[in-house]
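Student: Below you'll find the structure I mean.
Number of protein chains: 2
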Amino acid sequence: MVKMDLEKLFKPKSMAVVGISKKNPLSPGRIVLLKNEFEMNVKVYGIYPTGGDIEGVQLYENLEKLPEIPDLLVIAVGPDDTLGYIQNCADLNIPAAVIIGGGFAEIGIKGKKRQDKLEKVAFDNNIAVLGPNCLGVYAPPLVDTIFLPTERITRPPKGSVALISQSGGVLVDQFFVKFNERNIGVSTAVSIGNRAVVDEVMLLDYFSKVDPDTSNIAFYLEGFKEGRAREFLRLARESEDTVIVFFGGKTREGKVATLSHTASLAGDFKIMYSALRQNMVILPHSERELLTSLKVYDVLSHRKNPFGDNVITYGNVAIVSVSGGHGVLAADMLRTYGLNRVDFNKEEKNQMKALMNPVAREIASFNNPIDLTGSVLDTDIENIIRYLSDIERIECIILLLLPYPPNISFQIGRRIANIISTKRKPVVCFVPYVPKYSLIIESLELAYIPVFHSIKEAVQAVSALKQRTRIDSVKKGNVYWD
Amino acid sequence: MVKMDLEKLFKPKSMAVVGISKKNPLSPGRIVLLKNEFEMNVKVYGIYPTGGDIEGVQLYENLEKLPEIPDLLVIAVGPDDTLGYIQNCADLNIPAAVIIGGGFAEIGIKGKKRQDKLEKVAFDNNIAVLGPNCLGVYAPPLVDTIFLPTERITRPPKGSVALISQSGGVLVDQFFVKFNERNIGVSTAVSIGNRAVVDEVMLLDYFSKVDPDTSNIAFYLEGFKEGRAREFLRLARESEDTVIVFFGGKTREGKVATLSHTASLAGDFKIMYSALRQNMVILPHSERELLTSLKVYDVLSHRKNPFGDNVITYGNVAIVSVSGGHGVLAADMLRTYGLNRVDFNKEEKNQMKALMNPVAREIASFNNPIDLTGSVLDTDIENIIRYLSDIERIECIILLLLPYPPNISFQIGRRIANIISTKRKPVVCFVPYVPKYSLIIESLELAYIPVFHSIKEAVQAVSALKQRTRIDSVKKGNVYWD
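Line order of the protein sequences matches chains A and B. Numbered as in my numbering, the first sequence ends at 1049 without a single skipped number. Numbered as in my numbering, the second sequence ends at 1049 without a single skipped number.
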């Protein structure tokens, strides 16, 4: 297959937009033109048959009148006119295009014929076409072709995760909103729509091998593009990045929808899952597990990965809480996620007891889960975390950090972060998701310690770290995947 | 067993607090005294051996010096002094007490002996003793004996759910924080600690039969109190309220913790679960399912229940979204939760098509899930919801309401609420949990339409409604539980 220059989609020097309405401020073309002009760094040109301006931004009569040949053309017109513009790209050597509109394979035979024509022009001329029927590209700080008004969208922070979604809605909602809520960073986001030309395989190739800002590649797919699964598997196995796929349309009920949606066929998921797993693709069971995994992998990708070279091989954890019930609930989930309770011997229990303040010492419990009780002081939590960090057979600490006890100070997050950043023992924290505790949450996350807002997510995070160790080992040829 | 007057715990005319420190502003007794004095409606008296005042609040030298015999005594002293105060309750005819401190059965043999003495005095004298080793009672607007500083706690809204928790941490965190986040209302919350005297059975009895403000009773337990399971089952089956139990310590890993925690023995969960189910107790599989169920049951309990007499018997749903991917993900979950997709015939599809604006009509999909697309207008959503509400075989509509399409207005929540409130067809909504969309969320919730912030919760909510129908039927003797 031809290698297209996908970099022109994500890092264009300049772009042009066709399909701007002077009457309707909410027309997709107009929204894309103005958000790129006012909010993004790319040089952007608007095309309008009679020229003039829109909200003070100059418009050009046609592509030939532009002061330069743009790297990227965003096409927001009807399906037949779209074909004309793709021909223009070929004629003018515009190397990339985003087609926002529908009316192609997703509407049936008539549309399929249009899409065939589109594909022929694009492949013959090496034009990296995204879509049709898509939101296109969000590649901060350069480009944003999402035709939905920015003020309605929640933009995620900048980070290591490339997002590729067959559903634009899933991209801006399930991913953007929840990434922002959880502080997970995005490098580039791509809505592939009908994926007539640029597909999941080309994007996996690009983000694995070309894009220096991406270390984790996450897909929402409703099945692979026909004939492309094998190549996807090969690239996933070769990739140094973590590859994660979340599938929609896994059930008969869901398949009814995918057929009507972006013209994909839901494959045989059981066989596919097994092949994907063998090729080191991570397959979360739920949206929540997907998000939890991406959050820890994003942290690991950071230059200042707080856990250094410490990895979780066996899943041996210690649980520390100030609430007995929280410890119980976390312990209840360990086995489901392939993790184990470390046992403490009598000497260790006595040593921990000796590290505590005299009141809490008498009522605290040093089984695992450890319950430091509501009589805890900051220094008790610090001492115990420091002590556990030095026990080699503990691979990870789950710290259920409830700030309700009266003597826990607002410094606690900072104090814990300092210990983790020097000891480098993996620690995942649970802190209640309440605005007044953002002081604690932020002091941990500023030091790249991942904080979660449910017990289940904290446990899932350790499981995700363990899974990553195994995948890295296999990719380096050290052990076999079981 | 003796019937104690639990109302004195939750609706005392007056209360007294012992164990106040003049030196330490964070001492439990002092926190309880001042929060009740400044924040709650109960008349509260502080006891201090030398009298005087604390932060301007008068203190009394002992219980005998109080201007009246209080209904409730909050005891925040060491375990041996606690026994003395319980004897005082007997001598002075104080009918109820909350024991905050530990040092009883949870610490072993020595403590168990103390607890035996405590139980004898309490049962002999009919004193409703809560604890020891607990947070006590939060019964707004009257009483709050939670000794954690109020400014650290998130208080849930007022509503129909009585909460009874064996773990204080689970009560104030898993319940309070997440109830507040999800707008679920609490009538009374109880932390039972060692449940030496007042236990889950007595509380189930009280909230079922006595308390007029409670319609749903939720428990966090790590096993039943010894010998009390049978009575619990009987009361649960008789209760007109919905009874929900969430268990901790279900696994071997979790049991390690419960033994050290509040001196309970985790039972054989498999047998217990089956007995509970047969007696119409709802057993959520996860914290999230627990919260989702409580949210819908809280709504149903409201005088203005928006769904009227409409019930979900078979679980036949229609899914409406403006994003294909969201529809797929929701449909994928139906079977797991015992729900079914309704199929539309050609005529119905054409009728729905005719109700849409000309642009969206051409690209929308009227299979189930219905995808109205990003070209949707408010009126399209209104027309489709109204249309589906009149189809009898649809028992519930799952509306995945993404406000990203440019033509959806801020009125949309209000418009949908008005339709539901007149049609009374059960509708559960998903709206992204983003501050800027609280305008839409609030307009629905003001009309008691439950709004969820994940697709999974919306689907779980329908399942919870279906479960409630079955339980109500069995309790009324109509059908058998399968």
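Beta carbons are placed, not taken as given, at the ideal position from N, Cα and C, and that holds for glycine.
Can you tell me where the alpha helix (DSSP H) with C656 (chain A) in it begins and where it stops?
Tutor: By one-based count along the first sequence, residue 656 (chain A) stands at place 89. Where C656 (chain A) is concerned, the enclosing alpha helix (DSSP H) stretches over 646-659.
Student: On the three-pair Cβ rule with 8 Å, is the stretch 677-696 of chain B touching the stretch 716-736 of chain B?
Tutor: With a cut-off of 8 Å, the stretch 716-736 of chain B and the stretch 677-696 of chain B do not count as touching, because too few Cβ pairs lie within range.
Student: Just the chain A side, please: which residues come within less than 7 Å of P716 (chain B) by C-beta, in chain order?
Tutor: Stepping through the second sequence from its first residue, residue 716 (chain B) is reached at position 149. Simply P973.
Student: How many angstroms separate the CA atom of V644 (chain B) from the CA atom of G668 (chain B)?
Tutor: Along the second sequence, one-based indexing puts residue 644 (chain B) at 77. Along the second sequence, one-based indexing puts residue 668 (chain B) at 101. Approximately 6 Å, taken between the alpha carbons.
Student: Can you give the Cα-Cα distance for E1012 (chain B) and F746 (chain A), rounded to whole angstroms?
Tutor: One-based indexing of the second sequence puts residue 1012 (chain B) at position 445. One-based indexing of the first sequence puts residue 746 (chain A) at position 179. Cα to Cα, the separation comes out at about 25 Å.
Student: Of the residues that make up the stretch 717-742 of chain A, which ones have a beta carbon closer than 9 Å to any beta carbon in chain B?
Tutor: Residues passing the 9 Å Cβ filter: E718, R719, I720, T721, S732, Q733, S734, G735, G736, V737, L738, V739, D740, Q741.
Student: Determine the closest residue to N934 (chain A) out of A:P972, A:C963, A:M900, A:G894, with distance taken between C-alpha atoms.
Tutor: Here the question's residue 934 (chain A) lines up with position 367 in the first sequence. Checked all of A:P972, A:C963, A:M900, A:G894; the closest Cα to N934 (chain A) is A:G894.
Student: Any idea if N950 (chain A) is buried or exposed, counting beta-carbon neighbours within 10 angstroms, 16 or more meaning buried?
Tutor: The residue you call residue 950 (chain A) lines up with position 383 of the first sequence. Buried.
Student: Using a C-beta to C-beta distance shorter than 8 Å, which residues of chain B count as neighbours of Y787 (chain A)?
Tutor: Counted from its first residue, the first sequence places residue 787 (chain A) at position 220. What Y787 (chain A) touches in chain B: G892.
Student: May I ask you to list, following chain order, the residues of the stretch 996-1012 of chain A that have a beta carbon less than 7 Å from some beta carbon of chain B?
Tutor: Listed by position, the residues of the stretch 996-1012 of chain A near chain B (Cβ gap below 7 Å) are P999, V1001.
Student: With 16 other CB atoms within 10 Å as the buried threshold, where does L770 (chain A) fall?
Tutor: In the first sequence, counting from the first residue as 1, residue 770 (chain A) sits at position 203. Buried.
Student: By how many angstroms is the C-alpha of F814 (chain A) removed from the C-alpha of E748 (chain B)?
Tutor: Along the second sequence, read from residue 1 onward, the residue named residue 748 (chain B) stands at position 181. Along the first sequence, read from residue 1 onward, the residue named residue 814 (chain A) stands at position 247. Distance between the alpha carbons of E748 (chain B) and F814 (chain A): 29 Å.
Student: Assuming the contact rule is C-beta atoms closer than 8 Å, A763 (chain B) and V696 (chain B) should be a hit. Round their C-beta distance to whole Å, please.
Tutor: By 1-based counting over the second sequence, the position of residue 763 (chain B) is 196. By 1-based counting over the second sequence, the position of residue 696 (chain B) is 129. Between V696 (chain B) and A763 (chain B) the Cβ distance is about 7 Å, and since that is below 8 Å, they are a contact.
Student: Classify L593 (chain B) as buried or exposed, calling it buried when 16 or more other Cβ atoms lie within 10 Å of its own Cβ.
Tutor: Here residue 593 (chain B) is taken as the residue at index 26 of the second sequence, counted from 1. L593 (chain B) should be labelled exposed.
Student: How many angstroms separate the CA atom of L966 (chain B) from the CA atom of K913 (chain A)?
Tutor: Counting from 1 along the second sequence, the entry for residue 966 (chain B) is found at position 399. Counting from 1 along the first sequence, the entry for residue 913 (chain A) is found at position 346. Looking at the two C-alpha atoms, the distance is approximately 56 Å.
Student: Does any CB atom of chain B fall closer than 9 Å to the CB of R870 (chain A)?
Tutor: Taking the first sequence and counting its residues from 1, the one referred to as residue 870 (chain A) is at position 303. Cβ-Cβ to chain B under 9 Å: no for R870 (chain A).
Student: Grouping DSSP H, G and I as helix and E and B as strand, with all else coil, what is M571 (chain A)?
Tutor: Within the first sequence, residue 571 (chain A) is the residue found at index 4, counting from 1. If DSSP states are grouped into helix, strand and coil, M571 (chain A) belongs with coil.
Student: Of the residues A:E574, A:V1018, A:V889, A:K817, which one's Cα is nearest the Cα of K776 (chain A)?
Tutor: Residue numbering aside, residue 776 (chain A) sits at position 209 when the first sequence is read from its first letter. Nearest C-alpha to K776 (chain A): A:E574.
Student: Can you list, in chain order, the residues of its chain with a C-beta nearer than 6 Å to that of D864 (chain B)? Leave out the 5 residues immediately preceding and following it.
Tutor: The residue labelled residue 864 (chain B) in the question sits at position 297 within the second sequence. First, the residue type needs correcting, since residue 864 (chain B) is Tyr and not Asp in the sequence shown. So the list reads N783, T809, once near-sequence residues are dropped.
Student: Would you list the one or two residues that DSSP bridges to I879 (chain A)?
Tutor: Within the first sequence, residue 879 (chain A) is the residue found at index 312, counting from 1. None, per the DSSP bridge assignment.
Student: Under a three-way DSSP split, which group does R908 (chain B) fall into?
Tutor: For the purposes of this step, residue 908 (chain B) is taken as the residue at position 341 of the second sequence. Note: R908 (chain B) maps to strand in three-state DSSP.
Student: Please compile the residues from chain A whose C-beta is within a distance smaller than 8 Å of the C-beta of I614 (chain B).
Tutor: Taking the second sequence and counting its residues from 1, one reaches residue 614 (chain B) at position 47. In chain order: nothing, as chain A lies at least about 21 Å away.
Student: Within 9 Å (strictly less), CB to CB, does D1039 (chain B) reach chain A?
Tutor: Walking along the second sequence from the start, residue 1039 (chain B) turns up at place 472. No, D1039 (chain B) lies away from the interface with chain A (no Cβ there is under 9 Å from its Cβ).
Student: Can you name the residues of chain B whose CB is closer than 8 Å to the CB of I694 (chain A)?
Tutor: Taking the first residue of the first sequence as 1, we reach residue 694 (chain A) at position 127. Result: empty, since nearest Cβ-Cβ is about 24 Å, beyond 8 Å.
Student: Is there a C-beta anywhere in chain B that falls below 9 Å from the one on A898 (chain A)?
Tutor: Counting from one through the first sequence, the residue named residue 898 (chain A) turns up at place 331. Yes, its Cβ sits closer than 9 Å to a Cβ of chain B.
Student: Starting from R558 (chain A), find everything on chain B with Cβ-Cβ shorter than 7 Å and list it in chain order.
Tutor: Because residue 558 (chain A) is not part of the residues shown, which for chain A are 568 to 1049, the question remains open.
Student: Kindly confirm or deny that the stretch 673-681 of chain A and the stretch 602-622 of chain A touch, where touching means at least three C-beta pairs closer than 8 Å.
Tutor: As far as the Cβ criterion goes, the stretch 673-681 of chain A does not touch the stretch 602-622 of chain A, which means the pair count is below three.
Student: Tell me whether Y1004 (chain A) sits in a helix, a strand or coil according to DSSP, three-state version.
Tutor: Looking up residue 1004 (chain A) in the first sequence gives position 437. Three-state DSSP puts Y1004 (chain A) in a helix.
Student: Please tell me whether I759 (chain A) and V765 (chain A) are closer than 9 Å, where the distance is taken between their beta carbons.
Tutor: Translated into positions along the first sequence, residue 759 (chain A) becomes position 192. Translated into positions along the first sequence, residue 765 (chain A) becomes position 198. Contact flag set, yes.
Student: Measuring alpha carbon to alpha carbon, tell me which of B:N877, B:I879, B:L802 ends up nearest P847 (chain B).
Tutor: The residue given as residue 847 (chain B) occupies position 280 in the second sequence. Per the sequence shown, residue 847 (chain B) should be read as Met rather than Pro. Residue B:L802 is the option with its Cα nearest to M847 (chain B).
Student: Which whole runs of the alpha helix (DSSP H) in the stretch 953-1034 of chain A are 4 residues long or more, in chain order?
Tutor: Listed in chain order, they are 979-990, 1005-1012.
Student: Which chain A residues sit within Cβ distance under 8 Å of E854 (chain B)?
Tutor: Along the second sequence, one-based indexing puts residue 854 (chain B) at 287. Residues of chain A passing the Cβ test: L896, S1021, I1022, K1023.
Student: Within 10 angstroms of its Cβ, does I983 (chain B) collect 16 or more other Cβ (buried), or is it exposed?
Tutor: Counted from its first residue, the second sequence places residue 983 (chain B) at position 416. That one is buried.
Student: Between the C-alpha atoms of F671 (chain A) and I961 (chain B), what's the straight-line distance to the nearest angstrom?
Tutor: Indexing the first sequence from 1 puts residue 671 (chain A) at position 104. Indexing the second sequence from 1 puts residue 961 (chain B) at position 394. One C-alpha to the other measures close to 32 Å.
Student: Output the distance between the C-alpha atoms of A796 (chain B) and S1030 (chain B), rounded to the nearest integer angstrom.
Tutor: For the purposes of this step, residue 796 (chain B) is taken as residue 229 along the second sequence, with counting starting at 1. For the purposes of this step, residue 1030 (chain B) is taken as residue 463 along the second sequence, with counting starting at 1. For A796 (chain B) and S1030 (chain B), the distance between alpha carbons rounds to 27 Å.
Student: How about L832 (chain A): is its C-beta nearer than 9 Å to some C-beta of chain B?
Tutor: Sequence index remark: in the first sequence, residue 832 (chain A) carries index 265 (1-based). With a pLDDT of only 45 at L832 (chain A), under 50, the local geometry of the prediction cannot be trusted, and no value is derived from it.
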